Structure formats: C-alpha cells, structure tokens
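**Student:** Which chain is which? The protein sequence lines are F and A, in order.
Position 272 (the first sequence) corresponds to 271 in numbering that gives the first Met the number 0; numbering is contiguous.
Position 111 (the second sequence) corresponds to 110 in numbering that gives the first Met the number 0; numbering is contiguous.
Pasting a structure below so you can have a look.
Protein chains: 2
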Amino acid sequence: MPQLTIAEATDLAVRGLTRAGMSAANARITADHLVDAALCGHEFSSLPRVIALAEAMRGKPAAKPTRVIRENHCSALIDGGDNVAYVVSILAVDKAVEIARKNGVAVVCANNTWFSGRLAYYVERAAREGFVAMHTTNTTARVAPHGSADRLLGTNPFAIAFPSEDDPLIIDIGTSQTTWGDVVLARTKGVPLPEGMAVSPSGHPTSDPQLALEGAILPWGGARGAGLALAVQLLGILAGSELVIDDISNYGLFFVLIDPKLFMPSDQFPARVTALRQIVAGSRPLAGHDSVRVPGDRSQRLRRENLAKGVINLDETVHARLAELATGTNNQ
Amino acid sequence: MPQLTIAEATDLAVRGLTRAGMSAANARITADHLVDAALCGHEFSSLPRVIALAEAMRGKPAAKPTRVIRENHCSALIDGGDNVAYVVSILAVDKAVEIARKNGVAVVCANNTWFSGRLAYYVERAAREGFVAMHTTNTTARVAPHGSADRLLGTNPFAIAFPSEDDPLIIDIGTSQTTWGDVVLARTKGVPLPEGMAVSPSGHPTSDPQLALEGAILPWGGARGAGLALAVQLLGILAGSELVIDDISNYGLFFVLIDPKLFMPSDQFPARVTALRQIVAGSRPLAGHDSVRVPGDRSQRLRRENLAKGVINLDETVHARLAELATGTNNQ
C-alpha cells in the first residue's frame, strides 16, 4: 500500500481539486480536511473524496464568491456561492468564532453549498477556540422519514464539540442507517446490505443494494433517530436549503457556538469536561468488554499516532486514480 | 374510570402540590403542565406525577426564590433555588423568549432545580412565540454511558420545536432505552423488562427489574444515542449541574432560541415547516403501514380532541391517592 507524507498527500489532493476546477485556496482548505480525516482513520472520508468531488464539479458551473448576506450581533447568514461545503463550513465556523468571541453566542447559517465532509472537523475547530459548538447539515435526499418509503431527508449528520483541557470532546453522528457511499460500495462489490438498512421502491425491506439505491435508506434509531433526522432537515431549511434536496446542491449548514464563560468563570468548563471524560473512561466496562471508550477518543488517538509517524497509507487503486486526476491524464 | 373536567383536574393537582409544600403560583404552573400532558395522552407524565412530586418534596428543605444570576444581551443564567423544574423551565423559556424577541438569539441555562416533565411543553411554548427552540436537561444518574456498567448519566431528554402555520412541529426524545418509572412499574407489577433495556450491578444484561434498579439502564440507540446522552449531560454541566447527579437535585436546563427572521423574511419559515410537514405526512407509507406520522402530531391531535370533550380520564387508584394528597388525609 503506497505511503505518502502529509505534505505529499496534501499536494496530491490540492492538484486533483484545482484541476477539477477549484481555486487554489479552496483546494487547500479541502485538502487539509481530507488529510485530517486520513490521520483520524476515517479512510472513506479522506483522499478518496477527491474523486467524488471532481466528479460532482464536472457537472457544475463555476462557483461564485461566498457572501455574508445578513448579520446581526449574534448571527450571520452566508451565501456559499455554490462552493463546496468543505470550504463554506470553514468560513461559517470562523464567522461564528468571530461573533461568539465578541458576544458570547453565535448562530451562523449557510446555504448554496454542497458536500460537507466530517462535521467533527468544523466543531473541533470552534472548540479549540474555547466554544461549545453544535453543527448540522442536511444533504441530498436519500433517506425516508419514519414509516415512509419516500426519500425526503439527507443522511443529515449532527455534531457537537465541547472544549476540554486537552482535545475537545466531540460527538458526530449521522442520522441514517447507512450512507449512500456504503450502498454504492456494496453494489460495486456485489455483496448484500445488512438487514434493516434500506427499502425497495415499493417500500419493502431489501438487502439488494441496487433496489436500495432506487428506493430509500432507512433512518437510524427508529422514531427517535428519524425525529433527529427531521430536525436536521428543518435546521437546514432554516439556513435556506430546499425542502427536499433532489440534487447535489443547496445544502443548509447550521452552527451554534456558545462561550462557556457566559455561565461560569473562565477555564472552569473545560476542566469539568475533562473531569467527566475521565469518569466515563474510568468507569467499569460492561461484562465481556475491556474498557469504556469516550466518543471521538479513537479518532484523536489515531491522529496523534499518525502525526508522530508523519505518513498516510493510501489504497493503491485510489492512489493511481488521484495521480491521474492530479496530472490530468485519463481524466474523462 | 373517573372523569374530571379540566378545571377539576387542575384544582386537584394544585391542592395536592400546595399541601406538599409548593407555593400556590408554582403549583398552578406545574398543574397546567400535568393537565396538558393528560390532554396530549401522556398518562404517566400527567397527574400521577403529583404523587412523585409530593414524595420528593417531603425530603427537601423549602425552596428559595429563583434568581437571574448572570445576563448579557443573548444569554442568561438562572439559579432555580431548588424549585421544581416544571416551574424553573417555564421561567427559563420565558426569559429566553424575552431575550430572543429583542436580539434574535437566546441561550438560557438554569440549575439548582429538579424534575422537569415533558420537554415538549417548554419548546412548544417558545415555538408558539415564533422561535425555533432547542432544549435539553440532564437528570438523576440512572443510565450507563456506551459500553459502561456504571450509572453516570440521566435519562437526558432532548427536544426541539419549529414554528409552523398551525401547531409547532415538535421532536422530543429521551436518550435512555427505558425510563426509571417504567422499571419501577415493572417491579411493582412483577413483570420482566424487555431485552436490552438494562444491566445488573455486575454489568450483565438483565430483564429483572430489581437487578436493573441496582444496576443501570442502558442508553438508547447504541453508540450514537449514547453520544447524544453524553452531549445532554455536558450541556447540563454547562448550565451548572453536578458532573454526575446522585440525587434528585441540581439538574442542568439548557435552552437555545432562534428567531427565524434572522435568516429569512417574516412568516417564510413557518410556511416552509408546514410545507415539509405536509410532504412527510403525504409521503408513501412503508409496505404494511397505513400512513406516515409526523413527530408530535398524535399528541396534538389528542389534545384537540380532549379539549373539545373537556374532560380527562384518570385511573381510579391514582384518583384516590390524589384526593388523599389534596385533602391531607392519610398523607404519610
């Protein structure tokens, strides 16, 4: 398996994305996100996304500059100019940090954007500045509401990060039983889906990936998880997305940032987050389990280890395709 | 089964709560909540709670007045004075409405309070004023974190409401597999718990309610649901709760209110919520199902029907016990 240094991996992604039509600055923001995903062990969300991004950009007119179209002292609304959400989310969270630093609270929404990556990446950025950060985005309709056979909702992730005395404590969850990418992968591999992931176009349970792609992915967590998926959809609509997103465009990004110093003396909240994390990690595991894992800890440990090694492993096929994209050979 | 008019039911609850030591004003606020729960078909969360509240108050010193202890133009922190959260949540959400009406956004936290009722009740109140309202509260530690056998988290509900052109669209979910009350009820009835609800003190799965009460309730929704439970715990800590709440006190209430007019012209958001609700309710049901139900719609339909009838049905045993509490007979 090819090994790349972090600089090499970043450069490969930047070249692929700029050749696909992204500005150099935006390609760098996106590449940093993808390389971080690789460092954190999220292979699917990392460099292979360059291929999907290049494909999606091929059908799109050139993006426009982003604009802050409304702003008051605790909120802002950003028009993403049809730029990729890897970039617009960074602009939005940085705007939220700027507002929350001044006024303690920020609600920032963004629309006219698409493809967002790991939400953990954005909320971590804000939590490292000392803020509690909540973030949702709605996405292309692939998922049925509870009890429905029609795809109306996105995979609609929800994330929240809390500043601590070391790495932020991050919770980042999707609200669908599986992802579109996983269903496509199952079809490519010719393997069935696990039970309970999807329904066929007629609304019957299916483990056939092709029928699932024509039908709908099920929401995660029954009525409760589906409720959360619907909430994320409505927060996206608050941000200006379509009611139902039929193509890869006009996602709605929603951020809330809160300065804990509004509610307690400086440094007290990060210390309490660290204390709770230690209580949870030190609690007695269930019978048959070795230890109790706090959300996000595995990603952060892998990142520390991989940063120490300074290299990223890349699947050979993905590497070959990225090299093609980066040099413009065979770029049909 | 005894039938009471709404006025009779309210009066019965008020008398029981004042005899238990609550002020007349606070008893009325609490009774209104409990009667609304009855109207909405949530029997367990309705008048029987008077019995649990009276029992909890018996062990407590008299509550102190509530106080706003910190405030800026987008946030406030309330000391609940050890008053019941049925009351403190109303004060907190009304404070949030006041702030959000002026500045578009409000983050309000409250602590030194206990027992909260249906979170839907509070977020609906704010959504009827035109705001998107998010609310969490952490509660007495009964639930184990993901992979843990120790009870460290509360049943930690999460609710969000969206204003629409008719009743607000409300999502209100607990983050535990079952409630403490349901486990106690199973023990009283001598019936086993369903699979996967709880673990024994040694961390083994159990369906024995007594072992579950000595052990821990499991979080709902695997790692994802447990992540949400942990997030609610941390938001409670942000509001000033204990890290782990060992008794019935010092819950942390957290509210975020957002005026949709920050992001789009007046009335546009409620119209879009109504439009999405109609799309979901009108979508094709799964094979074998009759219709697709939008979260909260059943409660709101029952409330309309029961308000039209003007009466509440009450279990005979509960009615007898409430009558005792209200008149002070046999009140040991």
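In this text, a Cβ means the ideal position worked out from N, Cα and C, and glycines have one as well.
Being a predicted model, the structure only gives us computed values, none of them experimental.
For chain F, check one thing: does any of its Cβ atoms lie closer than 8 Å to the Cβ of N71 of chain A?
**Tutor:** Indexing the second sequence from 1 puts residue 71 of chain A at position 72. Yes - at least one Cβ of chain F is within 8 Å of the one on N71 of chain A.
**Student:** Note down, in chain order, each residue of its chain lying with its Cβ closer than 7 Å to the Cβ of N312 of chain A, except the 5 sequence neighbours on either side.
**Tutor:** Numbered from its first residue, the second sequence carries residue 312 of chain A at position 313. Counting only Cβ-Cβ distances below 7 Å, and skipping sequence neighbours, we find M0, Q2.
**Student:** Counting only C-beta atoms, is C39 of chain A closer than 8 Å to chain F at any point?
**Tutor:** Numbered from its first residue, the second sequence carries residue 39 of chain A at position 40. For C39 of chain A, the answer is no, since every Cβ of chain F falls outside 8 Å of its Cβ.
**Student:** Would N330 of chain A pass as an interface residue toward chain F - the criterion being a Cβ-Cβ separation below 8 Å?
**Tutor:** If you number the second sequence from 1, residue 330 of chain A lands on position 331. Below a pLDDT of 50, predicted positions are generally treated as unreliable, and N330 of chain A, at 45, falls in that range; the measurement from the model is reported next regardless. Answer no: the Cβ-Cβ gap between N330 of chain A and chain F never drops below 8 Å.
**Student:** State the CB to CB distance for the pair R14 of chain F and A325 of chain F, rounded to an integer number of angstroms; the pair is presumed to be in contact (CB under 8 Å).
**Tutor:** On the first sequence, position 15 is the one that residue 14 of chain F refers to. On the first sequence, position 326 is the one that residue 325 of chain F refers to. Between A325 of chain F and R14 of chain F the Cβ distance is about 4 Å, and since that is below 8 Å, they are a contact.
**Student:** To test your reading of the DSSP string, which unbroken alpha helix (DSSP H) runs of 4 or more residues are found completely within the stretch 200 to 231 of chain A?
**Tutor:** 208 to 213
**Student:** With distances taken Cα to Cα, identify the nearest neighbour of D172 of chain A among A:T136, A:F262, A:G195.
**Tutor:** In the second sequence, residue 172 of chain A corresponds to position 173, counting from 1. First, the amino acid is wrong: residue 172 of chain A is Ile here, not Asp. I172 of chain A has its Cα closest to that of A:T136, out of A:T136, A:F262, A:G195.
**Student:** What residue does the beta strand (DSSP E) around H134 of chain A start on, and which one ends it?
**Tutor:** Indexing the second sequence from 1 puts residue 134 of chain A at position 135. Residues 131 to 136.
**Student:** Taking only the alpha-carbon atoms, compute the straight-line gap between T316 of chain F and R297 of chain F and give it to the nearest angstrom.
**Tutor:** Walking along the first sequence from the start, residue 316 of chain F turns up at place 317. Walking along the first sequence from the start, residue 297 of chain F turns up at place 298. Approximately 26 Å between the Cα atoms of the pair.
**Student:** Just reading off the beta strand (DSSP E) that F161 of chain F is part of, what are its end residues?
**Tutor:** If you number the first sequence from 1, residue 161 of chain F lands on position 162. Where F161 of chain F is concerned, the enclosing beta strand (DSSP E) stretches over 157 to 161.
**Student:** The alpha helix (DSSP H) spanning T273 of chain F covers which residue range?
**Tutor:** Position 274 of the first sequence holds residue 273 of chain F. Note, T273 of chain F: alpha helix (DSSP H), 267 to 280.
**Student:** Go ahead and label F43 of chain A buried or exposed: buried means 16 or more other beta carbons lie within 10 angstroms of its beta carbon, across all protein chains shown.
**Tutor:** Within the second sequence, residue 43 of chain A is the residue found at index 44, counting from 1. Looking at its Cβ environment, which holds fewer than 16 other Cβ atoms inside 10 Å, F43 of chain A is exposed.
**Student:** With distances taken Cα to Cα, identify the nearest neighbour of P294 of chain A among F:L227, F:P193, F:V293.
**Tutor:** As a first step, residue 294 of chain A must be located in the second sequence, where it is residue number 295. Nearest of F:L227, F:P193, F:V293 to P294 of chain A, Cα basis: F:L227.
**Student:** Rounded to whole angstroms, what's the CA-CA distance from P47 of chain A to D181 of chain F? Just pull it up for me.
**Tutor:** Position 48 of the second sequence, counted from the first residue, corresponds to residue 47 of chain A. Position 182 of the first sequence, counted from the first residue, corresponds to residue 181 of chain F. Between P47 of chain A and D181 of chain F, the C-alpha separation is close to 47 Å.
**Student:** Inspect the beta-carbon positions of E410 of chain F and I169 of chain F and report whether they are closer than 8 Å.
**Tutor:** An answer regarding residue 410 of chain F cannot be provided, because it is not within the stretch 0 to 331 covered by chain F.
**Student:** With a cut-off of 8 Å, does the C-beta of D219 of chain A fall near any C-beta of chain F?
**Tutor:** Position 220 of the second sequence holds residue 219 of chain A. In the sequence as presented, Asp is not what sits at residue 219 of chain A; that position holds Trp. It does: the Cβ of W219 of chain A has a partner Cβ on chain F nearer than 8 Å.
**Student:** Taking buried to mean at least 16 other C-beta atoms within 10 Å of its own C-beta, is H288 of chain A buried or exposed?
**Tutor:** For this step, residue 288 of chain A is matched to residue 289 along the second sequence. With fewer than 16 Cβ atoms within 10 Å of its Cβ, H288 of chain A is classed as exposed.
**Student:** Tell me whether the beta-carbon of C73 of chain F lies closer than 8 Å to the beta-carbon of L301 of chain F.
**Tutor:** One-based indexing of the first sequence puts residue 73 of chain F at position 74. One-based indexing of the first sequence puts residue 301 of chain F at position 302. For C73 of chain F and L301 of chain F, no; Cβs fall outside 8 Å.
**Student:** Just how far apart, CA to CA, sit R69 of chain F and A230 of chain A?
**Tutor:** The residue you call residue 69 of chain F lines up with position 70 of the first sequence. The residue you call residue 230 of chain A lines up with position 231 of the second sequence. Each residue's Cα considered, the two are about 30 Å apart.
**Student:** Taking the straight line between their C-alpha atoms, what separation do you get for G153 of chain A and N305 of chain F?
**Tutor:** Sequence index remark: in the second sequence, residue 153 of chain A carries index 154 (1-based). Sequence index remark: in the first sequence, residue 305 of chain F carries index 306 (1-based). The alpha-carbon atoms of G153 of chain A and N305 of chain F are separated by roughly 36 Å.
**Student:** If you compare alpha carbons, which of A:L285, A:R223, A:E241 is closest to P204 of chain F?
**Tutor:** For the purposes of this step, residue 204 of chain F is taken as residue 205 along the first sequence, with counting starting at 1. The option with the nearest alpha carbon to P204 of chain F is A:L285.
**Student:** Roughly how many angstroms lie between the CA atoms of G327 of chain A and E54 of chain A, to the nearest whole one?
**Tutor:** The residue given as residue 327 of chain A occupies position 328 in the second sequence. The residue given as residue 54 of chain A occupies position 55 in the second sequence. Taking the straight line from one Cα to the other gives about 13 Å.
**Student:** Would you decide whether K308 of chain F is buried or exposed? Buried here means 16 or more other CB atoms lie within 10 Å of its CB.
**Tutor:** Start at 1 with the first residue of the first sequence, and residue 308 of chain F comes out as number 309. The residue in question, K308 of chain F, is exposed, as its Cβ has fewer than 16 Cβ neighbours within 10 Å.
**Student:** What do you reckon, are the CB atoms on S206 of chain A and L192 of chain A nearer than 8 Å?
**Tutor:** To locate residue 206 of chain A, count along the second sequence from 1; it is residue 207. To locate residue 192 of chain A, count along the second sequence from 1; it is residue 193. Their beta carbons are under 8 Å apart, which means S206 of chain A touches L192 of chain A by this criterion.
**Student:** Compare the C-beta of N249 of chain F with all C-beta atoms of chain A and state if any pair is closer than 8 Å.
**Tutor:** Taking the first sequence and counting its residues from 1, the one referred to as residue 249 of chain F is at position 250. Chain A, which has no Cβ nearer than 8 Å to the Cβ of N249 of chain F, makes this no.
**Student:** Rounded to a whole number of angstroms, what is the C-alpha to C-alpha distance between R320 of chain F and I50 of chain F?
**Tutor:** The residue you call residue 320 of chain F lines up with position 321 of the first sequence. The residue you call residue 50 of chain F lines up with position 51 of the first sequence. The C-alpha of R320 of chain F lies about 8 Å from the C-alpha of I50 of chain F.
**Student:** What do you reckon, are the CB atoms on A211 of chain A and M196 of chain A nearer than 8 Å?
**Tutor:** As a working note, residue 211 of chain A is residue 212 in the second sequence. As a working note, residue 196 of chain A is residue 197 in the second sequence. A contact, by the Cβ cut-off of 8 Å.
**Student:** Does any residue of chain A have a CB that is nearer than 8 Å to the CB of M263 of chain F?
**Tutor:** The residue you call residue 263 of chain F lines up with position 264 of the first sequence. By the rule that beta-carbons nearer than 8 Å mark a contact, M263 of chain F touches chain A.
**Student:** What are the residues in the stretch 285 to 308 of chain A lying within 7 Å of chain F by C-beta distance?
**Tutor:** L285, A286, H288, V291, R292, P294
**Student:** Are the beta-carbon atoms of A234 of chain A and V96 of chain A separated by less than 8 Å?
**Tutor:** As a first step, residue 234 of chain A must be located in the second sequence, where it is residue number 235. As a first step, residue 96 of chain A must be located in the second sequence, where it is residue number 97. The residue asked about is misnamed: residue 234 of chain A is Leu in this sequence, not Ala. No, the pair does not count as a contact, with Cβ atoms beyond the cut-off.
**Student:** In chain A, which residues lie with their C-beta within 7 Å of the C-beta of F268 of chain F?
**Tutor:** By 1-based counting over the first sequence, the position of residue 268 of chain F is 269. Within 7 Å Cβ-Cβ: L237.
**Student:** If you check the beta carbons only, do T29 of chain F and L11 of chain F fall under 8 Å apart?
**Tutor:** One-based indexing of the first sequence puts residue 29 of chain F at position 30. One-based indexing of the first sequence puts residue 11 of chain F at position 12. Result no, Cβ atoms of T29 of chain F and L11 of chain F do not sit closer than 8 Å.
**Student:** Helix, strand or coil for Q331 of chain A per DSSP?
**Tutor:** Taking the first residue of the second sequence as 1, we reach residue 331 of chain A at position 332. Note that Q331 of chain A scores a pLDDT of 45, beneath 50, so its modelled location is shaky and nothing firm can be said.
**Student:** Going by the DSSP bridge assignment, what does Q2 of chain F pair with across the sheet?
**Tutor:** The residue given as residue 2 of chain F occupies position 3 in the first sequence. In DSSP, Q2 of chain F forms a bridge with F:N312.
**Student:** Can you check whether the CB of A143 of chain F is closer than 8 Å to the CB of L242 of chain F?
**Tutor:** Start at 1 with the first residue of the first sequence, and residue 242 of chain F comes out as number 243. Start at 1 with the first residue of the first sequence, and residue 143 of chain F comes out as number 144. No, the pair does not count as a contact, with Cβ atoms beyond the cut-off.
**Student:** Beta carbon of I77 of chain F, beta carbon of A36 of chain F: below 8 Å?
**Tutor:** If you number the first sequence from 1, residue 77 of chain F lands on position 78. If you number the first sequence from 1, residue 36 of chain F lands on position 37. Not a contact, by the Cβ cut-off of 8 Å.
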